[in-house]
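Q:
Protein chains in written order, with the working numbering: chain C, 8 to 288; chain D, 274 to 491.
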């Protein structure tokens, strides 16, 4: 390599460093002006800038987009809850199994406390059922469930498990995975499981003591966040419905509206009895 | 990077973290703690997936290590939440804590020096830049189609001090001066590590994707 070539190479290296893509705005120093003049006349450096941008774009486009698993999410929010309560967080790494056990224990304890308080103090003293639902979504650990993408099969299975008529909606953009049971206030509820763009979404229908809801009115959707999940809930007499997941609340609301609309049609088709607390004869 | 208490610094895991500037992290009294009791949980929920992915990459794809790292970082963030005033800066603030927590864990584990022994100085960086073999045709520019699994494996195979730079810059979209502050290294070092990471990724993927366009050249 001759002196001229080495000098040209040095100019390329310096220009590329000085004008490094993503380096932000630069003062118009003599070094920058020289580099810009070089870049304007050097095809190799222009190609270098294009290559760097293309590589950055390609990496961004193809980057893996894992989501925090539900159990990790549950453990993290449980740790924050413990910290908020002023408790010493359990050390990570040494006690993963005990973390899981503690989470299960907490949920079981919350359920027992709910039932106990309900028995002693009446419905006004109940623990927030929305929180219980969101915790169930976070900590579902493989209890009684059915895995099926067939709404009719899931419906039949659920109706053998719960004491209310159950409609399993076909939600737009959602893949039905199956269903499981959930227990709140010592009563069985249903949790239908979906996947929406790789995100787990649960549709809960659980018995509810609130009697203020009226079936003749369109349901009111309430949006909230519990244990790190968005929750869109609505009520009808005797039942609480909730859509839970790590989707934007607006997307969950769209699913909830579709759910209500399908249920309304099912009620009409079944002569208004779909949501009555009666078993089909 | 030397910060003074007057300019506002924060201690995160024993590290002095710049408390003003790109991250918008500031020190406030207890009275100005965010008023909503669950504000931290909402913030965490919003960014948790991205933080988890980042922790996963920092830990080379090892899920158990990533969860440990994330756990420590989240609790540190919770303890220091009253220092965050500007919601717009929350994302960078949480990533800063995660990055610093990771650095602390690496140092504790390996007692490694802050700077890679092989970090380029300015002259070496210019030489390496000058040796770049560019793509030859415009068509190759449109051929940068990568498989997620292959890129994940290639990212996880990178040196653990190159990985955070390419992830935070190219994937999470932080500006290079923000990455420099997160990692506590000069911006020029961010640029040289980013260049090296991209060059290595191209080479790694060239071996795995023999017919891929621009990736197929050393």
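All C-beta atoms, glycine included, are put in the ideal place defined by N, C-alpha and C.
For residue 80 of chain C and chain D, any beta-carbon pair shorter than 8 angstroms?
A: If you number the first chain from 1, residue 80 of chain C lands on position 73. Yes, because at least one Cβ of chain D sits closer than 8 angstroms to the Cβ of residue 80 of chain C.
Q: In three-state DSSP terms, what is residue 169 of chain C?
A: Numbered from its first residue, the first chain carries residue 169 of chain C at position 162. Residue 169 of chain C: coil per DSSP, three-state reduction.
Q: Using three-state DSSP, classify residue 197 of chain C as helix, strand or coil.
A: Against the first chain, residue 197 of chain C aligns to sequence position 190. The answer is strand: DSSP assigns residue 197 of chain C an E or B state.
Q: Using only alpha-carbon positions, find the residue among C:69, C:68, C:76 that is nearest to residue 337 of chain D.
A: Start at 1 with the first residue of the second chain, and residue 337 of chain D comes out as number 64. Measuring from the Cα of residue 337 of chain D, the nearest candidate turns out to be C:76.
Q: For residue 44 of chain C, verify whether its CB is less than 7 angstroms away from any heavy atom of the ligand GDP.
A: Looking at this structure, you won't find the ligand GDP or any other ligand, since it has none at all.
Q: Return helix, strand or coil for residue 270 of chain C, following the three-state DSSP convention.
A: Position 263 of the first chain holds residue 270 of chain C. Looking at residue 270 of chain C - three-state DSSP - the assignment turns out to be helix.
Q: Under 8 angstroms: do the segment 424 to 432 of chain D and the segment 31 to 45 of chain C share three or more Cβ pairs, one atom per stretch?
A: no
Q: Do residue 212 of chain C and residue 246 of chain C have their C-beta atoms closer together than 8 angstroms?
A: As a working note, residue 212 of chain C is residue 205 in the first chain. As a working note, residue 246 of chain C is residue 239 in the first chain. Contact: yes.
Q: For residue 424 of chain D, go through chain C and note every residue whose CB falls closer than 8 angstroms to its CB, in chain order.
A: The residue you call residue 424 of chain D lines up with position 151 of the second chain. Here the neighbours are 66, 69, 70, 71.
Q: Going by DSSP, which residues form a beta bridge with residue 240 of chain C?
A: Your numbering for residue 240 of chain C matches position 233 in the first chain. The partner list for residue 240 of chain C (beta bridge, DSSP) reads C:229, C:249.
Q: Answer yes or no: does any C-beta atom of chain D fall closer than 8 angstroms to that of residue 75 of chain C?
A: Position 68 of the first chain, counting from 1, holds the residue named residue 75 of chain C. So yes, residue 75 of chain C belongs to the interface.
Q: Please identify the residue among C:22, C:67, C:93, C:232 whose C-alpha is closest to the C-alpha of residue 37 of chain C.
A: Numbered from its first residue, the first chain carries residue 37 of chain C at position 30. It is C:22.
Q: By the 10 Å Cβ neighbour count, where 16 or more other Cβ atoms means buried, how is residue 73 of chain C classified, buried or exposed?
A: Numbered from its first residue, the first chain carries residue 73 of chain C at position 66. Buried: at least 16 other Cβ atoms inside 10 Å.
Q: Would residue 436 of chain D be called buried (16 or more neighbouring beta carbons within 10 Å of its own) or exposed?
A: Here residue 436 of chain D corresponds to residue number 163 of the second chain, with the count starting at 1. Residue 436 of chain D should be labelled buried.
Q: Can you say whether residue 396 of chain D is buried or exposed, counting buried as having 16 or more other CB atoms within 10 angstroms of its CB?
A: As a working note, residue 396 of chain D is residue 123 in the second chain. That one is exposed.
Q: Please confirm whether residue 109 of chain C has its beta-carbon closer than 8 angstroms to some beta-carbon of chain D.
A: The residue given as residue 109 of chain C occupies position 102 in the first chain. Confidence is the limiting factor: at residue 109 of chain C the pLDDT is only 41, short of 50, which leaves the residue's position unreliable and the question unanswerable from this model.
Q: Could you name the residues of chain D that residue 90 of chain C contacts, counting a contact when the two beta carbons are closer than 7 angstroms?
A: Counting from 1 along the first chain, the entry for residue 90 of chain C is found at position 83. Within chain D, the residues near residue 90 of chain C are 348, 351.
Q: From which residue to which residue does the alpha helix (DSSP H) around residue 82 of chain C run?
A: Translated into the one-based positions of the first chain, residue 82 of chain C becomes position 75. From DSSP, the alpha helix (DSSP H) with residue 82 of chain C extends over 77 to 91.
Q: Would you mind giving the Cβ-Cβ distance between residue 477 of chain D and residue 430 of chain D, rounded to the nearest angstrom? I have them listed as a contact below 8 angstroms.
A: For the purposes of this step, residue 477 of chain D is identified with residue 204 of the second chain, where counting begins at 1. For the purposes of this step, residue 430 of chain D is identified with residue 157 of the second chain, where counting begins at 1. With 8 angstroms as the limit, residue 477 of chain D and residue 430 of chain D qualify as a contact, their Cβ atoms being about 6 angstroms apart.
Q: If you draw a straight line from the alpha carbon of residue 272 of chain C to that of residue 204 of chain C, how long is it in whole angstroms?
A: Mapped onto the first chain, residue 272 of chain C falls at position 265. Mapped onto the first chain, residue 204 of chain C falls at position 197. Each residue's Cα considered, the two are about 26 angstroms apart.
Q: Could you spell out where the alpha helix (DSSP H) holding residue 211 of chain C opens and where it closes?
A: The residue given as residue 211 of chain C occupies position 204 in the first chain. Looking at the DSSP string, residue 211 of chain C is not in any alpha helix (DSSP H); the run it does join, the beta strand (DSSP E), is 206 to 214.
Q: Taking CB distances under 8 angstroms as the criterion, tell me whether residue 434 of chain D reaches chain C.
A: Mapped onto the second chain, residue 434 of chain D falls at position 161. False, the Cβ-Cβ gap to chain C never drops below 8 angstroms.
Q: Excluding the 5 residues preceding and the 5 following residue 385 of chain D in the sequence, name in chain order all residues of the same chain whose CB lies nearer than 7 angstroms to its CB.
A: Taking the first residue of the second chain as position 1, residue 385 of chain D is located at position 112. Confidence at residue 385 of chain D is low in this model, with a pLDDT of 47, below 50, so the placement of that residue is unreliable and no value is reported for it.
Q: Is residue 227 of chain C buried or exposed, if buried means 16 or more other CB atoms sit within 10 Å of its CB?
A: Stepping through the first chain from its first residue, residue 227 of chain C is reached at position 220. Answer is exposed; the Cβ neighbour count stays below 16.
Q: Taking the alpha-carbon positions, what's the residue 258 of chain C to residue 242 of chain C distance?
A: Here the question's residue 258 of chain C lines up with position 251 in the first chain. Here the question's residue 242 of chain C lines up with position 235 in the first chain. Their backbone Cα atoms lie some 19 angstroms apart in a straight line.
Q: Does residue 49 of chain C get closer than 8 angstroms to chain D when you measure Cβ to Cβ?
A: Residue 49 of chain C sits at position 42 when you count from the first residue of the first chain. For residue 49 of chain C, the answer is no, since every Cβ of chain D falls outside 8 angstroms of its Cβ.
Q: If you follow the beta strand (DSSP E) that residue 326 of chain D is in, where does it begin and where does it stop?
A: Locating residue 326 of chain D in the second chain gives position 53, counting from the first residue. Residue 326 of chain D -> not in any beta strand (DSSP E); alpha helix (DSSP H) instead, spanning 312 to 331.
Q: Check for me: the alpha helix (DSSP H) holding residue 40 of chain C runs from which residue to which?
A: Position 33 of the first chain holds residue 40 of chain C. Residue 40 of chain C: member of the alpha helix (DSSP H) spanning 37 to 48, first to last residue.
Q: If you run the structure through DSSP and keep just helix, strand and coil, what is residue 175 of chain C?
A: The residue you call residue 175 of chain C lines up with position 168 of the first chain. The three-state reading of DSSP puts residue 175 of chain C in coil, since its state is none of H, G, I, E or B.
Q: For residue 163 of chain C and residue 253 of chain C, I'd like the C-alpha separation in whole angstroms.
A: Residue 163 of chain C sits at position 156 when you count from the first residue of the first chain. Residue 253 of chain C sits at position 246 when you count from the first residue of the first chain. Each residue's Cα considered, the two are about 28 angstroms apart.
Q: Closer than 8 angstroms, Cβ to Cβ, to anything on chain D: give me those residues from the segment 50 to 62 of chain C, in chain order.
A: 51, 54, 55, 57, 58, 59, 61, 62
Q: With a threshold of 16 other CB atoms inside 10 Å of the CB of residue 454 of chain D, please say whether the residue is buried or exposed.
A: For the purposes of this step, residue 454 of chain D is taken as residue 181 along the second chain, with counting starting at 1. With 16 or more other Cβ atoms within 10 Å, it is buried.
Q: Is any beta-carbon of chain E found at less than 8 angstroms from that of residue 29 of chain C?
A: This model lacks chain E altogether; the protein chains it does include are C and D.
Q: Among D:377, D:374, D:465, which one has its Cα closest to the Cα of residue 398 of chain D?
A: For the purposes of this step, residue 398 of chain D is identified with residue 125 of the second chain, where counting begins at 1. Nearest C-alpha to residue 398 of chain D: D:465.
Q: With a threshold of 6 angstroms on Cβ separation, who are the neighbours of residue 351 of chain D within its own chain once the five nearest residues in sequence on each side are excluded?
A: Position 78 of the second chain, counted from the start, is the residue given in the question as residue 351 of chain D. Cβ neighbours of residue 351 of chain D beyond the five flanking positions: 313.
Q: Just to make sure I have the definition right: I need the residues of chain C whose C-beta is within less than 8 angstroms of the C-beta of residue 444 of chain D. Which are they?
A: If you number the second chain from 1, residue 444 of chain D lands on position 171. Those are 66, 67, 70, listed as they occur along chain C.
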